[in-house]
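Protein chains in written order, with this note's numbering: chain A, 1 to 136; chain B, 137 to 365.
Here it is, written out as structure tokens:
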């Protein structure tokens, strides 16, 4: 049962380092991405994206319980920046009510969404095979 | 001595009863014990209403059982009862995003107190977040000293919400819906909120009354599914 305060947003950023090419940054979000909390996410992502070599972002929304249009606008701004770098933004582990919001505004054609970590891992593995010439 | 800790959610009408063993160990003239099973069945017949009524009822039952036999131990009974929440609640908020989320939290608690399901609570919360943000950002232009009001009402089969602000006339329902299908970032910003709100409500109405913008939102509640047979 929630306490008295409004639901916060917890942001955890993990980035693979020490590789030749900049690895993807994984941003795990927990709690509520709304009109009060989205400015904080915007700031953190802005700082992250100041590194021009970062072209791939993965948002893990497993613990995200609430998203409003304020949150979607942050995602869309990030995607615009990343697209300009020929990169991509991926979403994994959407809860049903979060998936529903994405679907209502038909954001899905613009975003790549994976239902599970397994699906995402399969996607990465396939991309690696393509990159190393093992698959057309 | 180890104490167990547990968290429970009281629904309206639920009561917590604390009692000393002078209750369960009350003897009758034949030395039978009042006992725990009898305590449960007597409590089940307690009248609805305030906690004091439950105390009087239980005490009367214990005394009636004892039928004049000497009291074996101290008798103390404490009852806490969750009352039915009021069907209507009105609150005022300042024009900041944090206050919008505080309003959403109050709505969640109102819904929870009235036994509204998680999905319906979520739909209402999203509608309130979007329309509240709209008021704060556009009608009040984020002037923190401006005030807007939220009224929540529980009908037998619906939750009704009314938002009221004193900004310039602005009807969010009259704005055209943004084009969907195009990539989100290629569209004009704004307008997404109203789409989310419409899909989560059964009714959305705007009225300009004197100096006030009034927004009415209704979400019908599904009847509770029948319990197990």
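Think of the CB as a built atom: it goes at the ideal place given N, C-alpha and C, for glycine as much as any other residue.
What's the gap between the Cα of residue i and the Cα of residue j?
{"i": "residue 309 of chain B", "j": "residue 269 of chain B", "result": "14 Å"}
{"i": "residue 64 of chain A", "j": "residue 164 of chain B", "result": "59 Å"}
{"i": "residue 84 of chain A", "j": "residue 53 of chain A", "result": "12 Å"}
{"i": "residue 209 of chain B", "j": "residue 156 of chain B", "result": "9 Å"}
{"i": "residue 307 of chain B", "j": "residue 340 of chain B", "result": "11 Å"}
{"i": "residue 13 of chain A", "j": "residue 354 of chain B", "result": "39 Å"}
{"i": "residue 158 of chain B", "j": "residue 211 of chain B", "result": "5 Å"}
{"i": "residue 7 of chain A", "j": "residue 331 of chain B", "result": "23 Å"}
{"i": "residue 199 of chain B", "j": "residue 192 of chain B", "result": "11 Å"}
{"i": "residue 281 of chain B", "j": "residue 49 of chain A", "result": "35 Å"}
{"i": "residue 154 of chain B", "j": "residue 203 of chain B", "result": "23 Å"}
{"i": "residue 81 of chain A", "j": "residue 71 of chain A", "result": "16 Å"}
{"i": "residue 181 of chain B", "j": "residue 187 of chain B", "result": "14 Å"}
{"i": "residue 312 of chain B", "j": "residue 240 of chain B", "result": "26 Å"}
Should residue i be labelled buried (16 or more other beta-carbon atoms within 10 Å of its own) or exposed?
{"i": "residue 137 of chain B", "result": "exposed"}
{"i": "residue 51 of chain A", "result": "exposed"}
{"i": "residue 148 of chain B", "result": "exposed"}
{"i": "residue 27 of chain A", "result": "buried"}
{"i": "residue 262 of chain B", "result": "buried"}
{"i": "residue 291 of chain B", "result": "exposed"}
{"i": "residue 130 of chain A", "result": "exposed"}
{"i": "residue 163 of chain A", "result": "Given a span of 1 to 136 for chain A in the structure shown, any question on residue 163 of chain A remains unanswerable."}
{"i": "residue 235 of chain B", "result": "buried"}
{"i": "residue 254 of chain B", "result": "exposed"}
{"i": "residue 277 of chain B", "result": "exposed"}
{"i": "residue 196 of chain B", "result": "exposed"}
Could you pull the DSSP bridge partners for residue i from this structure?
{"i": "residue 30 of chain A", "result": "A/10 and A/63"}
{"i": "residue 345 of chain B", "result": "B/348"}
{"i": "residue 211 of chain B", "result": "Bridge partners of residue 211 of chain B: none, in fact."}
{"i": "residue 155 of chain B", "result": "B/213"}
{"i": "residue 258 of chain B", "result": "None; residue 258 of chain B has no bridge partner."}
{"i": "residue 25 of chain A", "result": "A/15 and A/57"}
{"i": "residue 169 of chain B", "result": "B/163"}
{"i": "residue 339 of chain B", "result": "B/354"}
{"i": "residue 82 of chain A", "result": "The partner list for residue 82 of chain A (beta bridge, DSSP) is empty, contrary to what the question assumes."}
Can you tell me whether residue i is helix, strand or coil according to DSSP?
{"i": "residue 53 of chain A", "result": "coil"}
{"i": "residue 42 of chain A", "result": "helix"}
{"i": "residue 289 of chain B", "result": "strand"}
{"i": "residue 353 of chain B", "result": "strand"}
{"i": "residue 88 of chain A", "result": "strand"}
{"i": "residue 297 of chain B", "result": "strand"}
{"i": "residue 226 of chain B", "result": "strand"}
{"i": "residue 163 of chain B", "result": "strand"}
{"i": "residue 175 of chain B", "result": "helix"}
Can you give me the Cβ contacts of residue i inside the same chain, cut-off strictly under 8 Å, excluding the 5 residues immediately before and after it?
{"i": "residue 161 of chain B", "result": "169, 170, 208 and 209"}
{"i": "residue 322 of chain B", "result": "At residue 322 of chain B, the pLDDT of 49 sits below 50, so the modelled position is not reliable and the matter cannot be decided from this model."}
So, at 6 Å on beta carbons, what are the nonlocal neighbours of residue i in its own chain, with the 5 sequence-adjacent residues on each side left out?
{"i": "residue 146 of chain B", "result": "218"}
{"i": "residue 296 of chain B", "result": "289 and 354"}
{"i": "residue 93 of chain A", "result": "60, 61 and 62"}
{"i": "residue 10 of chain A", "result": "30 and 31"}
{"i": "residue 226 of chain B", "result": "287"}
{"i": "residue 123 of chain A", "result": "none"}
How about residue i: is its Cβ closer than 7 Å to a heavy atom in the ligand PLP?
{"i": "residue 235 of chain B", "result": "Summarising the ligand content, the structure contains no ligands, and the ligand PLP is consequently not present."}
I'd like to know if residue i contacts chain E, where contact means its C-beta is closer than 8 Å to some C-beta of that chain.
{"i": "residue 34 of chain A", "result": "Of the protein chains in the structure, A and B, none is chain E."}
Going along the chain, which residues of its own chain have a beta-carbon closer than 7 Å to the beta-carbon of residue i, five neighbours each way excluded?
{"i": "residue 183 of chain B", "result": "189 and 193"}
{"i": "residue 15 of chain A", "result": "23 and 25"}
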